[in-house]
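Residue numbers (the working numbering): 86 to 394.
For every residue, glycine included, the Cβ atom is placed at its ideal position computed from N, Cα and C.
This report refers to the structure that appears directly beneath it.
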Amino acid sequence: MNKTAVVTGGAGFIGAHLCQRLLGSGYKVICMDNLITGSKDNLRDLIKNKKFIFINHNVSQYIKLAGKIDYVLHCASLASPEDYLRFPIQTLKAGSLGTHNSLGLAKEKKAAFMLFSTSEIYGDPLVHPQKENYWGNVNPVGVRGCYDESKRFAEALTMAYHRVHKIDTKIARIFNTYGPKMRSNDGRAIPNFINQALHGRPLTVYGKGEQTRSFCYIDDLVEGLYRLMLSPINEPVNLGNPREFTILQLARLVLQLTGSRSKIVFKALPQDDPRQRRPDISKARKALKWQPRVSLTEGLKKTIPWFKP
Ligand code: UDP
86 MNKTAVVTGG AGFIGAHLCQ RLLGSGYKVI CMDNLITGSK DNLRDLIKNK KFIFINHNVS
146 QYIKLAGKID YVLHCASLAS PEDYLRFPIQ TLKAGSLGTH NSLGLAKEKK AAFMLFSTSE
206 IYGDPLVHPQ KENYWGNVNP VGVRGCYDES KRFAEALTMA YHRVHKIDTK IARIFNTYGP
266 KMRSNDGRAI PNFINQALHG RPLTVYGKGE QTRSFCYIDD LVEGLYRLML SPINEPVNLG
326 NPREFTILQL ARLVLQLTGS RSKIVFKALP QDDPRQRRPD ISKARKALKW QPRVSLTEGL
386 KKTIPWFKP
C-alpha cells in the first residue's frame, strides 16, 4: 500500500476513528486539525505510527502540502449544536472556505475527495425516512443555519468541482453517530445522558422527548465511509443506522444500561430542533453492500466505559 490520505478534522471524534482505520489498512495519513473541538488525546495511539503525520492547521486558510496525495477527506467541522451555536462563524467558514481549500488541494494533487456532509441538510424533514433525493426543509437564518447551510453549500461546491474539474468526489450524509472519543462536554444527547447518568445528575431531555433520532455506532459508520471512499459513486449517500428512537426512549435506555438512579428532567426544546430523523439507507445497502451491525444497546455498552470518571 503506497497511498496517502489527508484527513481534515482528523483529531475529532469521527476523524480520529477514520485515521485509525486508514492506518490499519496501510495508508499514510496526514491529519490536519486546528483543535478547536478536536483533541490530540484522540491521536495518542496513532502518533507513534511512522505513517502518521499531524499538522495543526485551520482548513479555512489555504492548504499547502508537498508530495503525492491520493485522497482528501474533508471531515473538519464543528458538529455538535452546542458548538456551532457558540462558534457560528467558524462553522460557516469550515463548511465553505474549508471545503473550497480542501477541494483545491484535491484538484492540485489529482486526488479523490470526500465531503463529510450531514443529515442536517434535510433540516426539519417533511419526508420520512429521508432519502437522498429529498431536498430538505432548512431555516437558513435560524440558529442551526450556520451548520446546515454551510454543509448545503459544501455539497453544491463539491458537485461543481466534480462537474467542472472532473474530480472524483464523494458526499457522505452522516446521520447521528456516537461512540468512544466523543468529548464529555460535547453537548449532544448521548454524551450528555451518559455523563449525567454516571454522575447521578438528572438527564436533561429537551421538549417532551418525543423527537426522534437514529443513532449509528462509530465502527459501523467508519466502515461505510471507507467503502464510500473506494466506491465510484459521486452522488450523495446516506450513512446512518435506520433504527429510530425517541429521545425519551434513549434517556431511559441510558439509565437502564448505566444502572443509574438519576431522574429525567424536561428542558426547553432548542430552536429549529428537527422533530424526526431516520435515514433511508437503501442506496448504501445496494451500492456499498453496507449496513450497520451494532444495535443501540450494544453500542451504548461499548461507549459507556469511555465516559466513566
Ligand atoms: N437533546 C436532549 N438533551 C440533551 C441533548 C440533546 O434532549 O441533553 C435532544 C436534542 O434536542 C435533539 C436530540 O436530543 O432533539 C439530538 O440532539 P443532538 O444534539 O445529539 O444532535 P442533533 O441530532 O440535534 O444534531
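Same chain only: Cβ atoms within 6 angstroms of residue i, ignoring 5 sequence neighbours per side
i	result
H213	Q361
E295	T331
G272	S165, E167
I366	N323, P327
D155	K88, T89, A196
I148	N186, L190
N143	N119
G325	F260, S299, C301, P364
Residue i - DSSP class collapsed to helix/strand/coil
i	result
S367	helix
F139	strand
A196	coil
P85	No answer is possible for residue 85: it lies beyond the span of the chain, which begins at 86 and ends at 394.
Y44	With the chain running from 86 to 394 in the structure shown, residue 44 is simply not present.
G180	helix
T343	helix
L158	strand
N222	strand
S110	coil
R337	helix
F98	helix
S204	helix
A151	coil
F278	helix
I121	coil
I132	coil
Residue range of the alpha helix (DSSP H) that includes residue i
i	result
T243	230–250
K387	381–392
Y169	166–171
P377	Per DSSP, P377 belongs to no alpha helix (DSSP H) and is neither H nor E.
L211	L211 -> no alpha helix (DSSP H), and no H or E assigned at all.
Run of the beta strand (DSSP E) containing residue i, from where it starts to where it stops
i	result
M117	113–118
L310	Taken as a continuous stretch (DSSP letters only), L310 belongs to no beta strand (DSSP E), being part of the alpha helix (DSSP H) at 303–315.
I349	349–352
A90	89–93
L288	288–291
C-beta neighbour in chain C for residue i, strict 8 angstroms
i	result
D130	Absent here is chain C; the protein component of the structure consists of one chain.
Beta-carbon proximity list for residue i, same chain, < 8 angstroms, skipping 5 on both sides
i	result
R337	I349
K266	F98, A101, H102, N127, I303, W391
Q341	none
A372	S316, I318, V322
K192	Y246, H250, I252
M86	S110, G111, Y112
P355	P166, V228, Y291
Supposed contact pair residue j and residue i - C-beta distance, whole angstroms, cut 8 angstroms
i	j	result
G202	P321	Inspection of the sequence shows that residue 202 is occupied by Ser rather than by Gly. The pair is a contact, with the Cβ atoms about 7 angstroms apart (cut-off 8 angstroms).
T343	I279	7 angstroms
G292	D358	7 angstroms
A161	K125	With a Cβ gap of about 15 angstroms, A161 and K125 do not count as contacting.
G309	G384	Not confirmed; about 14 angstroms, so no contact.
I252	F198	6 angstroms
L200	T184	7 angstroms
L313	K387	Rounded, the Cβ-Cβ distance is 23 angstroms, inconsistent with contact.
P364	S269	Wrong, their Cβ atoms sit about 27 angstroms apart, outside the cutoff.
K368	E240	K368 to E240, Cβ: 15 angstroms. No contact.
Own chain residues within Cβ distance below 7 angstroms of residue i, not counting five before or after
i	result
V307	H102, L103, R106
K236	G180, S202, T203, E205, I206
T262	I99, C301, I303, L306
D233	E205, I206, G208, V223
L177	C231, S235
S347	Q281, A282, G285, R286, P287, L288, L340
G94	G100, D118, G123, C160, A161, S162
N134	L108
L131	C104, Q105, L108, F137
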